[in-house]
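Quick note on the numbering used here: the sequence shown kicks off at -4 and runs consecutively.
The beta carbon of each residue, even a glycine, is placed where N, CA and C say it ideally should be.
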Amino acid sequence: MTGGDALEPRKRERLVGHLAAAGVLAADYAAGRLHHAWILAGPRGIGKATLAFRFARYLLAGQSGLLPEEAEAAPLHLSAGEPVFRRVASGGHAHLRPVEPAGARGEIRVDAIRDAIRFLKLTPGESAWRVLIVDGADSMNPNAQNAALKVLEEPPLNVLILLIAHRPSLLLPTVRSRCRLLRMVPLDRPDFDDVLSDIAPELDAEACARLFAVSGGSPGAALELEQLGGRGIKQAVDALLESLPAIDRKALEALAAAVTENREPEHFQAFGRILAMSLAERLRAAGPDAAWLDAEAGVSRLLERCMALSLDRRQTVFEIFGRLARTAAGGGQGAHA
């Protein structure tokens, strides 16, 4: 699968979907009532960072707003040929500071936020604005969030802070209360296909359909899933389901290793979506079956419990297929988690 620069938010000129969210930002800016801090909230990989960099470019270029008919079709647009666009894309704009998680724990630490605050307090030069984009703001540790709270409470003039949060509930209530919340939703199927045609033109319609189903309308999640062998995982899941009540132990061990080798929860959640899709396909093909309907519900509960309680994911994979095997054997014990 390709991707690379095509999906990198700072380099994307087009905004696919999210026109309503972009319109909210554009309207507030045009009306002169732009709030200094925003939380762009929604699932991972749906385009939140793309919108954040799009808005940052627009402000830094000193745009005053498009005509109404243009704004409706492409709010906050700046051509890729513009100098500001090229500098943001290369990471060389002096008035834009992106902050991302780092280190083995994948968190944003207090030193990174303090450095960003010093940047925001510098005297503006070529642009009237300074923009801070915190991608993965929900990964700020408590000390970092408390440091951020200081600048959220008393921001310098002409400062814009964009907090990109996949799970905004992890932000401190005091942080959330000082920001405007802009909720963004996953892409619908046409917009999803549009993005995939850019980042992975080699995928056919069937592959796009499967990736849409298992990624929840997130092109970023689809890209990660494909890079992790998502279609291979789907084939492995289907093969194991087809062989039930027998279980190929080596095949199950290989599947468990593939879906748990990455520590990020999104990857295991993607496995859960693949499994749910395969079970739904089995039910559609076989017709209503109370035991399998109960088993499907039981699998969902097992997956939810695993994530909520941080249980052993590998062991959960084994437990799921053990329960499904008992259901296939007619014992009905796979129904209850």
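Here's the rule: buried if 16 or more other CB atoms are within 10 angstroms of the residue's CB, otherwise exposed. What is residue i?
i      : result
Leu312 : Looking at the sequence itself, residue 312 is Val, so the reference to Leu does not match. Classification for Val312: buried.
Val11  : buried
Gln310 : exposed
His331 : Unreliable placement is indicated for His331, whose pLDDT of 40 sits below 50; no coordinate value is reported for it.
Glu299 : exposed
Pro181 : buried
Glu221 : buried
Glu64  : Residue placement at Glu64 is poorly supported in this model, since its pLDDT is 47, which falls under 50; the coordinates still yield a value, given next. When all chains shown are included, Glu64 counts as exposed.
Ala303 : exposed
Leu46  : buried
Asp133 : buried
Glu149 : exposed
Leu62  : Reliability of the predicted coordinates at Leu62 is poor, the pLDDT of 45 falling under 50, and the value obtained from them is presented with this limitation in mind. Its Cβ having fewer than 16 others within 10 Å, Leu62 is exposed.
Pro93  : buried
Pro214 : buried
Leu177 : buried
Gly86  : exposed
Ala325 : Checking the displayed sequence, the identity of residue 325 turns out to be Gly instead of Ala. It counts as exposed.
Which residue marks the beginning of the alpha helix (DSSP H) containing residue i, and which one marks its end?
i      : result
Trp287 : Ala285 to Leu304
Val254 : Arg244 to Thr255
Pro137 : Pro137 to Glu148
Gly87  : Premise fails: Gly87 is in no alpha helix (DSSP H) and is neither H nor E.
Arg318 : Arg308 to Ala323
Gly18  : Leu14 to Ala25
Ala132 : Careful: Ala132 lies outside any alpha helix (DSSP H) and carries neither H nor E.
Arg49  : Lys43 to Leu55
Could you tell me which residues DSSP pairs with residue i in its beta bridges?
i      : result
Trp33  : Leu157 and Arg175
Glu102 : Ala97
Leu127 : Arg92 and Ile156
So, under 8 Å CB-CB, residue i and residue j are touching, yes? Tell me the CB distance rounded to an integer number of Å.
i      : j      : result
Arg184 : Phe207 : 6 Å
Asn153 : Ala123 : 5 Å
Ala21  : Leu71  : 5 Å
Pro38  : Gly211 : 6 Å
Met179 : Ala36  : 7 Å
Val79  : Ala56  : 4 Å
Ala139 : Ile103 : 5 Å
Trp33  : Cys174 : 6 Å
Kindly say whether residue i, judged by its beta-carbon, lies nearer than 9 Å to any beta-carbon of chain C.
i     : result
Val11 : In summary, chain C is missing from the structure at hand, where a single protein chain is found.
* Asked: Which residue spans inside the segment 170 to 224 form an unbroken beta strand (DSSP E) run of at least 3?
  -> 175 to 178
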